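Residues in the sequence shown are numbered from 1 upward in steps of one, following UniProt numbering.
Notes to accompany the following structure.
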Amino acid sequence: MKNMQIDIVSDVSCPWCIIGYQALTKAIDNLSSEIAVDIHWQPFELNPQMPPEGQEIGEHITQKYGISLQQAEQNRENIKQRGLAVGYEFGNRGGGRIYNTFDAHRLLHWAAEFGKQTELKLALFDLYFKQSGNPSDHQQLLAVVEQVGLDKEKAEAILNSDLFEQDVRAAQTHYQKAGIHSVPAVIVNNKHLISGGQPVEVFEQALRQIAKEE
C-alpha cells in the first residue's frame, strides 16, 4: 500500500474542480487496494478582483474568455453532461452570478484544523452550483459552516477579522510561482501535477504510474 498526499488547487466556483474531484475519488476507489491518500485543498481565486455584488455569469464569461453567449451556453451544457457522468448534478444555473471567493478560502484553511476541509469544500460547491448561492455572503457561509458541524461563532469571528488572510495569500502565491494559473490542479506528493478535470481513467492511470515510480 502506497501513501500519497494529494493537494488540489481549486476554487469553489470552478465547475471543472468538482468534476475533477468526483473523477479523482472514483479513481482512488478503484485503486483502494494499492494506495491510501490524504487530500488537502489549496486556494485559487478565479476572480480575485470581483466586487462583493459579483457579476452576471453570461456577461462575465463572454468578457473574460472572448466567446459568444451561444458558445458559453454550449460550454455550460458540456459541463452539465460531464458532471452527470461522474455523479454530480449541477443545479439549474441558466443564469446566476459569479462572486469573489476569498472568504470561503479563509474558512477552508481554518476547517483543515478539524479534519473538515473536504466536507466544507463539497458543501461550498453545492451552495454555489446546486443552490445558486453566494459564496461571498457571510450569512450563507455561516449556514454552510453550521451544516458541516463546525463552530459557527468561531467562523463568524474569522469572517469579521483578517484571520488567515496572510496564510491564504501565501498559499496562492506559492502555487502561482509554481506555474499554476488554471484549476483544478492536482499535485501528488508535492511533485507530480495532473492538470484539469480529467476523466476517471486518466487519474487512475496517473496515480498507478506514480505509485509504481515511488
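Using N, Cα and C, we set each Cβ at its ideal position, and we do this for glycine too.
Keep in mind it's a predicted model, so treat the numbers as computed, not measured.
Exposed or buried, what is M1 when buried is set at 16 or more other beta-carbons lying within 10 Å of its beta-carbon?
-> With fewer than 16 Cβ atoms within 10 Å of its Cβ, M1 is classed as exposed.
Between Q117 and H40, which are expected to be in contact by the criterion C-beta below 8 Å, what is the C-beta distance as a whole number of angstroms?
-> Taking 8 Å as the upper bound for CB-CB distance, Q117 and H40 are in contact here, some 7 Å apart.
Residue environment, S10, which counts as buried when at least 16 other CB atoms sit within 10 Å | Looking at its Cβ environment, which holds 16 or more other Cβ atoms inside 10 Å, S10 is buried.
From which residue to which residue does the alpha helix (DSSP H) around V168 run?
-> Per DSSP, V168 is one residue of the alpha helix (DSSP H) stretching across E165 to K177.
Indicate whether the contact test is met: 3 or more Cβ pairs, each with one atom in the segment 58-70 and one in the segment 106-126, closer than 8 Å.
-> Contact between the segment 58-70 and the segment 106-126 is absent, because fewer than three Cβ pairs lie under 8 Å.
If you draw a straight line from the alpha carbon of A85 to that of A27, how long is it in whole angstroms?
-> One C-alpha to the other measures close to 14 Å.
Within the same chain, show all residues whose beta-carbon is closer than 6 Å to that of Y88, passing over the 5 residues directly before and after it, in chain order.
-> Same-chain partners within the cutoff: I18 and Q22.
Flag this pair as touching only if the segment 45-65 and the segment 30-37 have three or more C-beta atom pairs under 8 Å; answer yes or no.
-> Contact check between the segment 45-65 and the segment 30-37: fewer than three CB pairs, one atom from each, fall below 8 Å, which does not count as touching.
Does DSSP put L193 in a helix, in a strand, or in coil?
-> L193: strand per DSSP, three-state reduction.
Work out the CA separation of Q176 and N160 for me, nearest whole Å.
-> Between N160 and Q176, the C-alpha separation is close to 27 Å.
Identified DSSP bridge partners for E77 | BP columns for E77 are empty, so no partner.
Residues in its own chain within less than 7 Å of T101 by CB, not counting five upstream and five downstream?
-> The beta carbon of T101 lies closer than 7 Å to those of D11, V12, S13, E45, P135 and S136 in the same chain, with the five residues before and after it left out.
Between which two residues does the beta strand (DSSP E) harbouring P43 extend?
-> Counted as a single uninterrupted DSSP element, the beta strand (DSSP E) harbouring P43 occupies residues I35 to P43.
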